[in-house]
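Presented below is the structure to which this report refers.
Protein chains: 2
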Amino acid sequence: MRIILCGFGVVGQSLAKLLASRADDLYKKYSIKPKVVAVSDSKGYIIDKQGVNLIKTIESKQKFGTITKYHDNNKYDYSSSNLIDNIESDILIETTPSNYEDAEPGMTNIITAMKKKMHVISVNKGPLALAFPSLTEMARHNKIILRFSGTVGGGTPILNYAKNSLYGEKILSFSGILNGTTNYILTKIEHGMTFNSALADARKKGYVEANESLDLDGLDSAAKLVILANWIMGMKVTLSDISINGIRNINQNDIRTASKNHCVLKLISQCNQKLNVGLQEIHHNDPLCVDGTLNAISFTSEHSGTQTIIGHGAGGIETASSIIRDMINIKQNIPNNEI
Amino acid sequence: MRIILCGFGVVGQSLAKLLASRADDLYKKYSIKPKVVAVSDSKGYIIDKQGVNLIKTIESKQKFGTITKYHDNNKYDYSSSNLIDNIESDILIETTPSNYEDAEPGMTNIITAMKKKMHVISVNKGPLALAFPSLTEMARHNKIILRFSGTVGGGTPILNYAKNSLYGEKILSFSGILNGTTNYILTKIEHGMTFNSALADARKKGYVEANESLDLDGLDSAAKLVILANWIMGMKVTLSDISINGIRNINQNDIRTASKNHCVLKLISQCNQKLNVGLQEIHHNDPLCVDGTLNAISFTSEHSGTQTIIGHGAGGIETASSIIRDMINIKQNIPNNEI
Numbered sequence: 129m130r131i132i133l134c135g136f137g138v139v140g141q142s143l144a145k146l147l148a149s150r151a152d153d154l155y156k157k158y159s160i161k162p163k164v165v166a167v168s169d170s171k172g173y174i175i176d177k178q179g180v181n182l183i184k185t186i187e188s189k190q191k192f193g194t195i196t197k198y199h200d201n202n203k204y205d206y207s208s209s210n211l212i213d214n215i216e217s218d219i220l221i222e223t224t225p226s227n228y229e230d231a232e233p234g235m236t237n238i239i240t241a242m243k244k245k246m247h248v249i250s251v252n253k254g255p256l257a258l259a260f261p262s263l264t265e266m267a268r269h270n271k272i273i274l275r276f277s278g279t280v281g282g283g284t285p286i287l288n289y290a291k292n293s294l295y296g297e298k299i300l301s302f303s304g305i306l307n308g309t310t311n312y313i314l315t316k317i318e319h320g321m322t323f324n325s326a327l328a329d330a331r332k333k334g335y336v337e338a339n340e341s342l343d344l345d346g347l348d349s350a351a352k353l354v355i356l357a358n359w360i361m362g363m364k365v366t367l368s369d370i371s372i373n374g375i376r377n378i379n380q381n382d383i384r385t386a387s388k389n390h391c392v393l394k395l396i397s398q399c400n401q402k403l404n405v406g407l408q409e410i411h412h413n414d415p416l417c418v419d420g421t422l423n424a425i426s427f428t429s430e431h432s433g434t435q436t437i438i439g440h441g442a443g444g445i446e447t448a449s450s451i452i453r454d455m456i457n458i459k460q461n462i463p464n465n466e467i
Numbered sequence: 129m130r131i132i133l134c135g136f137g138v139v140g141q142s143l144a145k146l147l148a149s150r151a152d153d154l155y156k157k158y159s160i161k162p163k164v165v166a167v168s169d170s171k172g173y174i175i176d177k178q179g180v181n182l183i184k185t186i187e188s189k190q191k192f193g194t195i196t197k198y199h200d201n202n203k204y205d206y207s208s209s210n211l212i213d214n215i216e217s218d219i220l221i222e223t224t225p226s227n228y229e230d231a232e233p234g235m236t237n238i239i240t241a242m243k244k245k246m247h248v249i250s251v252n253k254g255p256l257a258l259a260f261p262s263l264t265e266m267a268r269h270n271k272i273i274l275r276f277s278g279t280v281g282g283g284t285p286i287l288n289y290a291k292n293s294l295y296g297e298k299i300l301s302f303s304g305i306l307n308g309t310t311n312y313i314l315t316k317i318e319h320g321m322t323f324n325s326a327l328a329d330a331r332k333k334g335y336v337e338a339n340e341s342l343d344l345d346g347l348d349s350a351a352k353l354v355i356l357a358n359w360i361m362g363m364k365v366t367l368s369d370i371s372i373n374g375i376r377n378i379n380q381n382d383i384r385t386a387s388k389n390h391c392v393l394k395l396i397s398q399c400n401q402k403l404n405v406g407l408q409e410i411h412h413n414d415p416l417c418v419d420g421t422l423n424a425i426s427f428t429s430e431h432s433g434t435q436t437i438i439g440h441g442a443g444g445i446e447t448a449s450s451i452i453r454d455m456i457n458i459k460q461n462i463p464n465n466e467i
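So the protein lines, in turn, are chains A and B.
Taken in order, the first sequence gives residues 129 to 467; the numbers are from this note's numbering.
Taken in order, the second sequence gives residues 129 to 467; the numbers are from this note's numbering.
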């Protein structure tokens, strides 16, 4: 299974470690022999058709801040999408940062790969948030598999649960806490911190994205809502269909009112006919009422009542493990197991 | 899909209603045409090879307390297992009450059906608790499918989640609240009631089994632990391998100590090398700390962290919906979709 890995941040590096440490296990249990033929980061690329040495790649990244020192003479002048065009591979794993303006470079990477009939695993939410319906249509047209388990819930298999564990059931609505950073900040505020000191605390712990608007203004939560609504409810929606309010406008009055009702304010992504992200009062006893960086989502189905899944939504190793699950899923779903 | 339905209590009747109301849906979406050819309750049987009228069966049960008035002249003198021996069917659905002495009549029903190459769906925990390893071996030997989604978590697909949503992952340990009745009683005690008044309250609400020892002494929780340990962890264990302590010995001292630690006492079924059921302190902030009749289970996996699923564990309609999911699963897993 030849792999091009785009992006070598926390998730990319965790994946490299997992692929190195689980090589035997993946081959024995799933007949998967992953061979990473190219890796890109924001500064450049490394290519080795015989298989990139993943440990050496991590060392290069950690020592020099880029993977490009892996080769002594790194003279490739591909752009990211040219790389995908020029290197033969079975799968593209797209882990570049999510961006909700134009979703680049992920969007071009994914489209280029699909046109070349590569299967695609994306943990980058940008392209899916802006163009889920057309990307899944393009995957169908090119007869390739597009997977994205890590985009919602990190290592917690929320998408798979709703799609597969509840087969034969109709999910009527769902609502969830899908962003751990804002949940951490809201938990701190509930315990008495001001918004600014809670934010500073979250920054110090490394929980806040480089572009903090993605967390605070609800964009990350909304992107995950788009993915859930398309994948689980069969809607054809994009980010522009979501009504989005973040957590910046939280005030002491609202917190006190919630508290009187035995509730706390949580940033909820909700699909109940309408799609919206915003602060809601959640009762202390509601299973959805989780603290800290936890994510939680409640699905209400026609015959099985309401069910809640709770887990840590992010983390490099957890998200990398979701990529491995997607690799296994792709392997099991292609005819003749040909890769 | 010909069905023999053994047991016509709350779950059996809910299933009959669902089968009647979802007939179109099951055929259109899953090509399943369920035809119930026989139904038994504790007083007798009804048989109709053309398909039992399910609505009329429910009416008979509700009016006369037994289904046997369905026919004007009900002269069959089969015993339960004879019924299965004498009537051709594709599936046995076993919903008779769980019993942890000898697991009868469920055990004989299931074994008779498997020998006749019927697939089996059991929501009866007794046979699985006493003989999981040999029943699954017998299913393999007879090349039939044995399913039991409703035995743990009712409508909440806990077994399916752990088995399928976490594929490619190794579950290291789990612990859960698997009995809603004792959780209800413990919640009431936590809020100030005595054990006896909490029990009386639970009885009044219809939450307590006819044989209340099954709930209070932890047998129901232990049976579910046996099923999880076999199915998810690949252990080969039965009820006698579980260390079981119920909730009868709860005392005010323990409750106060727990409270000082910001914890509450919960009846936990745990698999962490050893298998045991007993009261444990659970921290208020732990997602496992759910109130009322809710069930919850936390799985800790090698790479994906700890994940918790919460839902209502019982309820006729929820458990019936799990039987429908098992029917769909069997239909999809048999060669040529021949039933």
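Using N, Cα and C, we set each Cβ at its ideal position, and we do this for glycine too.
Those residues which DSSP pairs with residue i across a bridge
i                      : result
residue 173 of chain B : B:168
residue 250 of chain A : A:222
residue 427 of chain A : A:302, A:435
residue 372 of chain B : B:405
residue 422 of chain B : B:440
residue 163 of chain B : B:130
residue 410 of chain A : A:392
Supposed close pair residue i, residue j - CB separation, criterion 8 Å
i                      : j                      : result
residue 142 of chain B : residue 442 of chain B : With 8 Å as the limit, residue 142 of chain B and residue 442 of chain B do not qualify as a contact, their Cβ atoms being about 11 Å apart.
residue 397 of chain A : residue 353 of chain A : 4 Å
residue 490 of chain A : residue 247 of chain A : Past the boundaries of the shown model lies residue 490 of chain A; chain A is included only from 129 to 467, so the question cannot be answered.
residue 514 of chain A : residue 174 of chain A : Residue numbering for chain A in the displayed model covers 129 to 467; residue 514 of chain A lies beyond these limits and cannot be assessed.
residue 254 of chain B : residue 226 of chain B : 4 Å
residue 250 of chain A : residue 233 of chain A : About 12 Å; that fails the 8 Å criterion.
residue 428 of chain A : residue 300 of chain A : 5 Å
residue 355 of chain B : residue 256 of chain B : 5 Å
residue 240 of chain A : residue 137 of chain A : Contact doesn't hold; Cβ gap of about 20 Å is too wide.
residue 467 of chain A : residue 129 of chain A : 5 Å
residue 417 of chain A : residue 394 of chain A : 7 Å
residue 307 of chain A : residue 343 of chain A : 6 Å
residue 335 of chain A : residue 289 of chain B : Going by Cβ atoms, the distance from residue 335 of chain A to residue 289 of chain B rounds to 27 Å, so no, they are not a contact pair.
residue 261 of chain A : residue 364 of chain A : 4 Å
residue 426 of chain A : residue 277 of chain A : That pair is no contact at about 19 Å.
Host alpha helix (DSSP H) of residue i (start-end)
i                      : result
residue 323 of chain B : 323 to 332
residue 130 of chain A : Residue 130 of chain A -> not in any alpha helix (DSSP H); beta strand (DSSP E) instead, spanning 130 to 134.
residue 198 of chain B : Per DSSP, residue 198 of chain B belongs to no alpha helix (DSSP H) and is neither H nor E.
residue 209 of chain B : 208 to 214
residue 187 of chain B : 182 to 192
residue 155 of chain A : 151 to 158
residue 468 of chain A : Missing from the structure shown is residue 468 of chain A; chain A here goes from 129 to 467 and no further.
residue 545 of chain B : Nothing about residue 545 of chain B can be read from this structure; chain B reaches only from 129 to 467.
Host beta strand (DSSP E) of residue i (start-end)
i                      : result
residue 364 of chain A : It is not in any beta strand (DSSP E) - residue 364 of chain A carries neither H nor E in the DSSP assignment.
residue 393 of chain B : 391 to 400
Within chain E, the residues that residue i reaches when beta carbons sit closer than 8 Å
i                      : result
residue 422 of chain A : Absent from the structure: chain E. Protein chains present are A and B.
Jot down the residue ranges of each uninterrupted beta strand (DSSP E) in the stretch 253 to 327 of chain B, minimum 3 residues, whole runs only, in chain order.
-> 299 to 305
Would the stretch 427 to 441 of chain A and the stretch 269 to 285 of chain A be scored as touching if the rule is three or more Cβ pairs under 8 Å?
-> yes
Stretch-stretch touch, CB-based, cutoff 8 Å, three pairs: the stretch 130 to 138 of chain A with the stretch 417 to 435 of chain A = no
Any chance the stretch 410 to 422 of chain A sits against the stretch 300 to 314 of chain A, with 3 or more Cβ pairs inside 8 Å?
-> yes
Report yes or no: do three or more beta-carbon pairs, one from the stretch 452 to 467 of chain B and one from the stretch 290 to 298 of chain A, lie closer than 8 Å?
-> The stretch 452 to 467 of chain B, when compared against the stretch 290 to 298 of chain A, does touch it at the 8 Å Cβ threshold.
Cβ pair count under 8 Å reaching 3, the stretch 315 to 328 of chain A against the stretch 370 to 384 of chain A = yes
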